[in-house]
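Numbering (full-length UniProt numbering), first residue to last: 1 to 225.
Have a look at the structure below before the remarks.
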Amino acid sequence: MREGTSEAVNVVMSYKVDSDYNVVKGNNVGMIRRVSDDRPYHHGNLRTALLAAAERGLRERGADELALRDLAREIGVSHAAPRRHFPTRQALLDALAEDGFARLDSVLLTALEGTGGTAAHVRAVMTAYVRFATENAALADLMYTSKHRPGAERLLEAAAAPFGRMRELVLRGQSEGVLRGGDPDRLGMVLIATLQGLASMVNSAIAEPEQLGDLLETAFAQFVL
Numbered sequence: 001m002r003e004g005t006s007e008a009v010n011v012v013m014s015y016k017v018d019s020d021y022n023v024v025k026g027n028n029v030g031m032i033r034r035v036s037d038d039r040p041y042h043h044g045n046l047r048t049a050l051l052a053a054a055e056r057g058l059r060e061r062g063a064d065e066l067a068l069r070d071l072a073r074e075i076g077v078s079h080a081a082p083r084r085h086f087p088t089r090q091a092l093l094d095a096l097a098e099d100g101f102a103r104l105d106s107v108l109l110t111a112l113e114g115t116g117g118t119a120a121h122v123r124a125v126m127t128a129y130v131r132f133a134t135e136n137a138a139l140a141d142l143m144y145t146s147k148h149r150p151g152a153e154r155l156l157e158a159a160a161a162p163f164g165r166m167r168e169l170v171l172r173g174q175s176e177g178v179l180r181g182g183d184p185d186r187l188g189m190v191l192i193a194t195l196q197g198l199a200s201m202v203n204s205a206i207a208e209p210e211q212l213g214d215l216l217e218t219a220f221a222q223f224v225l
């Protein structure tokens, strides 16, 4: 080996190329060798951990900044590990949205299990819906935009559960004379649009969170007889 080449190799040997490569020496010859990622491939509950990390990232940085490699690094697993559950970034976002609809459904179910009659349940559901949408603003935005994407049939199915509960509540309220009459689907759409609007006003700082209670009571009075 020529002297100039040997010196160049020695210089290369003194540096780490990047996070995936190391420079090693063998028989006085400089060589670059790929080293394996020593982070674990398996995780006790990988899917749950990934979704939790993704939701934190969604809340702090937005959906456009989410990357599977970054999430793997955050929870301490290999770069390949997340693809066992989410082969693409879109699959991860869809799973986040699907989980969000399941949580919203649980929140609404809890509201419906409270004491009181139908009017009290309407108030409780309205309050629970808006609180979910304001406390999980980035997730709610992802949920409602993702379900209209072509090929998002699973999200439509997930959304059907909480919205189905609200439709059942509207039908019950109309049958008991508690809610205004007319087309129940139209009334339900106006109700959801009203709640979405209130949440959007708070999330965009048009209204203060402290005003939410009064705003909900005003909205409640528009629907309940």
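Note that CB positions come from ideal geometry on N, CA and C, so glycine has one too.
In this text, all values refer to a predicted model and were calculated from it rather than measured experimentally.
L179 - DSSP class collapsed to helix/strand/coil = strand
Residue burial classification, G62 (beta-carbon count within 10 angstroms, cutoff 16) = exposed
Between the CA atoms of S146 and A159 - distance to the nearest angstrom | 11 Å
In angstroms with no decimal places, state the Cα-to-Cα distance between H42 and A81.
-> Bear in mind that a pLDDT of 49 at H42, under 50, signals an unreliable position, so the number given afterwards is only what the model happens to contain. Roughly 7 Å separates the two Cα atoms.
Give the DSSP-derived three-state secondary structure of V224 in the structure shown.
-> strand
Local conformation of L216 per DSSP, three classes = helix
Find the nearest neighbour of T218 within the set A52, R123 and R180, judged by alpha-carbon distance.
-> R123
Any chance you could list the alpha helix (DSSP H) runs of at least 4 consecutive residues sitting entirely within the region 69-123, in chain order?
-> 89-112
Put G30 into one of helix, strand or coil per three-state DSSP.
-> Since pLDDT at G30 reaches only 42, below the 50 mark, its modelled position is unreliable, and the value read off the structure follows with that caveat. If DSSP states are grouped into helix, strand and coil, G30 belongs with the strands.
So does the region 66-86 actually touch the region 128-143, counting three or more Cβ pairs closer than 8 Å?
-> no
Distance between L93 and A140 (C-alpha atoms, nearest Å) | 12 Å
C-alpha gap between A72 and L50, whole angstroms = 8 Å
Check N136 in the structure and name its three-state DSSP category.
-> coil
Is the distance from the Cβ of Q222 to the Cβ of T194 below 9 Å?
-> yes
What are the boundary residues of the alpha helix (DSSP H) that includes L195?
-> P184 to N203
V35 by DSSP, collapsed to three states: which one?
-> A caution first: V35 carries a pLDDT of 35, below 50, which makes its placement in the model unreliable, though a value can still be read off. V35 falls in the coil class under three-state DSSP.
Any contact of the region 179-187 with the region 99-115, i.e. 3+ C-beta pairs under 8 Å?
-> no
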